[in-house]
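Just below is one structure, and these are the notes that go with it.
2 protein chains.
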Amino acid sequence: MLSIILLGTGNVARHLFDAFQENDHLQVVQVVGRNTEALNYFKKRANITSEFKELKTADIYIIALSDDVISTVSKELRINNKLVVHTSGAVEMAALTGIVRPGVFYPLQTFSNENKINFKEVPICIEAKHREDLEILRGLAARLSDKVYVVSSERRRVLHLAAVFVNNFTNYMYVMAADICRENDLPFELLKPLIEETANKVKKQPPYEVQTGPARRNDSGTMKKHLELLKNTAREEIYSVLSKSIRETYRNGNQ
Amino acid sequence: MLSIILLGTGNVARHLFDAFQENDHLQVVQVVGRNTEALNYFKKRANITSEFKELKTADIYIIALSDDVISTVSKELRINNKLVVHTSGAVEMAALTGIVRPGVFYPLQTFSNENKINFKEVPICIEAKHREDLEILRGLAARLSDKVYVVSSERRRVLHLAAVFVNNFTNYMYVMAADICRENDLPFELLKPLIEETANKVKKQPPYEVQTGPARRNDSGTMKKHLELLKNTAREEIYSVLSKSIRETYRNGNQ
Chain P
11 MLSIILLGTG NVARHLFDAF QENDHLQVVQ VVGRNTEALN YFKKRANITS
61 EFKELKTADI YIIALSDDVI STVSKELRIN NKLVVHTSGA VEMAALTGIV
111 RPGVFYPLQT FSNENKINFK EVPICIEAKH REDLEILRGL AARLSDKVYV
161 VSSERRRVLH LAAVFVNNFT NYMYVMAADI CRENDLPFEL LKPLIEETAN
211 KVKKQPPYEV QTGPARRNDS GTMKKHLELL KNTAREEIYS VLSKSIRETY
261 RNGNQ
Chain L
11 MLSIILLGTG NVARHLFDAF QENDHLQVVQ VVGRNTEALN YFKKRANITS
61 EFKELKTADI YIIALSDDVI STVSKELRIN NKLVVHTSGA VEMAALTGIV
111 RPGVFYPLQT FSNENKINFK EVPICIEAKH REDLEILRGL AARLSDKVYV
161 VSSERRRVLH LAAVFVNNFT NYMYVMAADI CRENDLPFEL LKPLIEETAN
211 KVKKQPPYEV QTGPARRNDS GTMKKHLELL KNTAREEIYS VLSKSIRETY
261 RNGNQ
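In order, the protein sequence lines correspond to chains P and L.
Residues in the first sequence are numbered from 11 upward in steps of one, following this note's numbering.
Residues in the second sequence are numbered from 11 upward in steps of one, following this note's numbering.
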């Protein structure tokens, strides 16, 4: 049995908590958070507290907090000789200041209130300063997911950058499309099957091969008309920059 | 029974053909295409030809060809008093030169060789010069899909522009992420659950509300490190332009 203390009450903490609870070999002994309302989510199934001085003891402490407070919280923890990990894609392991046994447990997924996640499919990227701790994290990750990867802080940063493209920037493409629809009284619903199929395609074929559209085929007439529709909006620049890059990517390839 | 002649042998023509074949009230009497190899796909189930002079007669002629040849082909057709439609999102109905009964039958989806499409879910945007023809197209579309919309050429252009964002540009986000992974010996597989969930989220929540990431929270430290990783690549400009726009979109909103 591996005992766990979760620090944080946000989406990542909640999803991890639920996944841990489903496994008989894992026990979340405590959830720590300043937001007492958010703590309510956990109180029936674990001890909760808002005070660091009430911190219990466990095998692993998981800091599932926003990037900018990881370092500060790790300093305040004053934990000796216990494994302490954070869950961030962008923060180095070394940010766990003053921690003797630091590590990282980064689930590469986007978590929200609404959607239940199948953790078996979520890649979990682990890192630890000490080899024994890496094995503990490997064991923990393997109880949740079939996809466990050892990834250094340096490579995790690159992975997180790639994740920004497929998650943050992609979602922003949806934002802009929804805005265009709204401004023209067109239902955004119309685009949802296309959004789904665009994501589906890439499961089976490399994205490079399935690229289509006016920029891909250098259809300057259509691009010109699109730019006229976007005139004087931030989207005009985005359309231009992306179309230029697509054209250059495929200029020397086969159409 | 509605009889149909399909002009074109590409992905749109193939998917439409298959969907038409599944419906007892529709009959594809002929498929016309210059590419004799591509024509083979249809030959067991319909008459095929490469010659316009062998063109048969039908209730509807569907031009499922690339945007740039629609006008030329419609001129060569010499069809009198029959409904002739194209399937393009970007081309005006008026591009059907010399056609007395022009229309548009635009399935808003991305079609590929690999993936079977559930047509019931595909929005079909229809347009016709004459009211009676619009009703014919509405009947045809309703046999394939539960989502039939009447959309003018002007609004279809806007819709197509929005589709470029959620399909072409989104796929290009995948292309760039795959490149970043490849250049750093990271498996692109790692990002596929995230791609899927990003598309899933938007089914249930407006994309504006689920936007996350360094630009959304104005995390300049992470953005700076990301830009260093992208230095001297086309992706550096794309990252900057998108992050700037995300920041400005949310500057006055709540975080």
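Positions of the beta carbon are idealized from the N, C-alpha and C atoms, including for glycine.
CB of residue i within 8 Å of CB of residue j, strictly
{"i": "Ser155 (chain L)", "j": "Val176 (chain L)", "result": "no"}
{"i": "Gly99 (chain P)", "j": "His170 (chain P)", "result": "yes"}
{"i": "Asn181 (chain L)", "j": "Pro216 (chain P)", "result": "no"}
{"i": "Asp143 (chain P)", "j": "Leu93 (chain P)", "result": "yes"}
{"i": "Asn125 (chain P)", "j": "Lys214 (chain L)", "result": "yes"}
{"i": "Ile15 (chain P)", "j": "Ala74 (chain P)", "result": "no"}
{"i": "Ile248 (chain P)", "j": "Ser255 (chain L)", "result": "yes"}
{"i": "Gln221 (chain P)", "j": "Val185 (chain L)", "result": "yes"}
{"i": "Ile72 (chain L)", "j": "Leu147 (chain L)", "result": "no"}
{"i": "Glu145 (chain L)", "j": "Thr120 (chain P)", "result": "no"}
{"i": "Ala29 (chain P)", "j": "Phe129 (chain P)", "result": "yes"}
{"i": "Leu196 (chain P)", "j": "Leu12 (chain P)", "result": "no"}
{"i": "Arg153 (chain L)", "j": "Tyr116 (chain L)", "result": "no"}
{"i": "Val79 (chain P)", "j": "His236 (chain L)", "result": "no"}
{"i": "Asn228 (chain P)", "j": "Arg192 (chain P)", "result": "no"}
{"i": "Tyr190 (chain L)", "j": "Ala187 (chain P)", "result": "Going by the sequence as given, residue 190 (chain L) is Ile instead of Tyr. No, Cβ-Cβ distance for Ile190 (chain L) and Ala187 (chain P) is not below 8 Å."}
{"i": "Val95 (chain L)", "j": "Lys66 (chain L)", "result": "no"}
{"i": "Thr168 (chain L)", "j": "Ile136 (chain L)", "result": "Residue identity check: residue 168 (chain L) is Val in the sequence provided, not Thr. Result no, Cβ atoms of Val168 (chain L) and Ile136 (chain L) do not sit closer than 8 Å."}
{"i": "Met183 (chain L)", "j": "Met103 (chain P)", "result": "no"}
Rounded separation between residue i and residue j - CA only
{"i": "Asn57 (chain P)", "j": "Asn50 (chain P)", "result": "10 Å"}
{"i": "Val160 (chain P)", "j": "Thr243 (chain L)", "result": "27 Å"}
{"i": "Thr97 (chain P)", "j": "Thr19 (chain P)", "result": "13 Å"}
{"i": "Gln265 (chain P)", "j": "Arg226 (chain P)", "result": "Model confidence at Gln265 (chain P) stands at a pLDDT of 42, short of 50, so the residue's coordinates are unreliable; what they give is reported in the following sentence. Distance between the alpha carbons of Gln265 (chain P) and Arg226 (chain P): 8 Å."}
{"i": "Thr232 (chain L)", "j": "Phe198 (chain P)", "result": "32 Å"}
{"i": "Ser84 (chain P)", "j": "Glu64 (chain P)", "result": "16 Å"}
{"i": "Asn178 (chain P)", "j": "Val101 (chain L)", "result": "31 Å"}
{"i": "Ser122 (chain L)", "j": "Gly223 (chain P)", "result": "13 Å"}
{"i": "Ala138 (chain P)", "j": "Ser230 (chain P)", "result": "51 Å"}
{"i": "Leu200 (chain L)", "j": "Leu118 (chain P)", "result": "8 Å"}
{"i": "Ile23 (chain L)", "j": "Leu240 (chain P)", "result": "For the sequence presented, residue 23 (chain L) should be read as Ala rather than Ile. Each residue's alpha carbon lies about 31 Å from the other."}
{"i": "Thr259 (chain L)", "j": "Asn91 (chain P)", "result": "45 Å"}
{"i": "Val251 (chain P)", "j": "Ser253 (chain L)", "result": "13 Å"}
{"i": "Asn45 (chain L)", "j": "Glu238 (chain L)", "result": "48 Å"}
{"i": "Phe267 (chain L)", "j": "Asn33 (chain P)", "result": "Lying before the first or after the last residue shown, residue 267 (chain L) is absent from chain L, which here runs from 11 to 265."}
Three-state class that DSSP yields for residue i in the structure shown
{"i": "Gln265 (chain P)", "result": "Confidence in Gln265 (chain P) is poor, its pLDDT being 42 and thus under 50, which makes the residue's placement too unreliable to answer from."}
{"i": "Ser155 (chain P)", "result": "coil"}
{"i": "Ser13 (chain P)", "result": "strand"}
{"i": "His25 (chain L)", "result": "helix"}
{"i": "Gly231 (chain P)", "result": "helix"}
{"i": "Tyr182 (chain L)", "result": "helix"}
{"i": "His236 (chain L)", "result": "helix"}
{"i": "Val41 (chain L)", "result": "strand"}
{"i": "Thr82 (chain P)", "result": "helix"}
{"i": "Asn177 (chain L)", "result": "helix"}
{"i": "Phe198 (chain P)", "result": "helix"}
{"i": "Phe52 (chain P)", "result": "coil"}
{"i": "Gly149 (chain P)", "result": "helix"}
{"i": "His140 (chain L)", "result": "coil"}
{"i": "His35 (chain L)", "result": "coil"}
{"i": "Thr208 (chain P)", "result": "helix"}
Partners in chain P for residue i, counting only beta-carbon separations shorter than 7 Å
{"i": "Ser255 (chain L)", "result": "Ala244 and Ile248"}
{"i": "Leu252 (chain L)", "result": "Phe179, Tyr182 and Ile248"}
{"i": "Val168 (chain L)", "result": "Ile190, Asn194, Leu196 and Leu239"}
{"i": "Ala152 (chain L)", "result": "None at all; the shortest Cβ gap to chain P is about 16 Å."}
{"i": "Ala187 (chain L)", "result": "Ala172, Phe175 and Val176"}
Proximal residues of chain L, C-beta to C-beta of residue i below 7 Å
{"i": "Leu171 (chain P)", "result": "Ile190, His236 and Leu239"}
{"i": "Tyr184 (chain P)", "result": "Val176, Val212 and Pro217"}
{"i": "Tyr116 (chain P)", "result": "Correct list: empty, because the minimum Cβ distance to chain L is about 11 Å."}
{"i": "Arg165 (chain P)", "result": "Asn194 and Leu196"}
{"i": "Glu258 (chain P)", "result": "Ala244"}
{"i": "Val51 (chain P)", "result": "The residue asked about is misnamed: residue 51 (chain P) is Tyr in this sequence, not Val. Here the premise fails: no neighbours, minimum Cβ distance about 19 Å."}
Within chain P, the residues that residue i reaches when beta carbons sit closer than 8 Å
{"i": "Asp77 (chain L)", "result": "Asp229 and Thr232"}
{"i": "Thr97 (chain L)", "result": "None at all; the shortest Cβ gap to chain P is about 14 Å."}
Under 9 Å by beta carbon: chain P residues contacting residue i
{"i": "Glu124 (chain L)", "result": "Lys211, Lys214, Gln215 and Val220"}
{"i": "Thr120 (chain L)", "result": "Leu204, Glu207, Thr208, Lys211, Val220 and Thr222"}
Interface residues of chain L facing residue i [CB-CB closer than 8 Å]
{"i": "Thr19 (chain P)", "result": "Near Thr19 (chain P) there are no residues of chain L at all, since even the closest Cβ is about 17 Å away, more than 8 Å."}
{"i": "Arg226 (chain P)", "result": "Asn178"}
Amino acids of chain L, ordered along the chain, whose beta-carbon sits closer than 9 Å to that of residue i
{"i": "Ala48 (chain P)", "result": "Under the 9 Å cutoff, chain L gives no residues; its nearest Cβ is about 16 Å from Ala48 (chain P)."}
{"i": "Ala100 (chain P)", "result": "Pro224, Asp229, Gly231, Thr232, Lys235 and His236"}
{"i": "Tyr71 (chain P)", "result": "Near Tyr71 (chain P) there are no residues of chain L at all, since even the closest Cβ is about 23 Å away, more than 9 Å."}
- Residues, ordered as in the chain, of the region 199-218 of chain P that lie near chain L by beta-carbon distance below 9 Å: Glu199, Leu200, Leu201, Lys202, Pro203, Leu204, Ile205, Glu206, Glu207, Thr208, Ala209, Asn210, Lys211, Val212, Lys213, Lys214, Gln215, Pro216, Pro217 and Tyr218
- Task: Using a Cβ-Cβ cut-off of less than 8 Å, give me the residues of the region 23-40 of chain P that come near chain L, in sequence order.
- Result: none
- Message: Short of 9 Å Cβ to Cβ, which residues in the region 129-151 of chain P face chain L?
- Response: Glu131, Val132, Pro133 and Cys135
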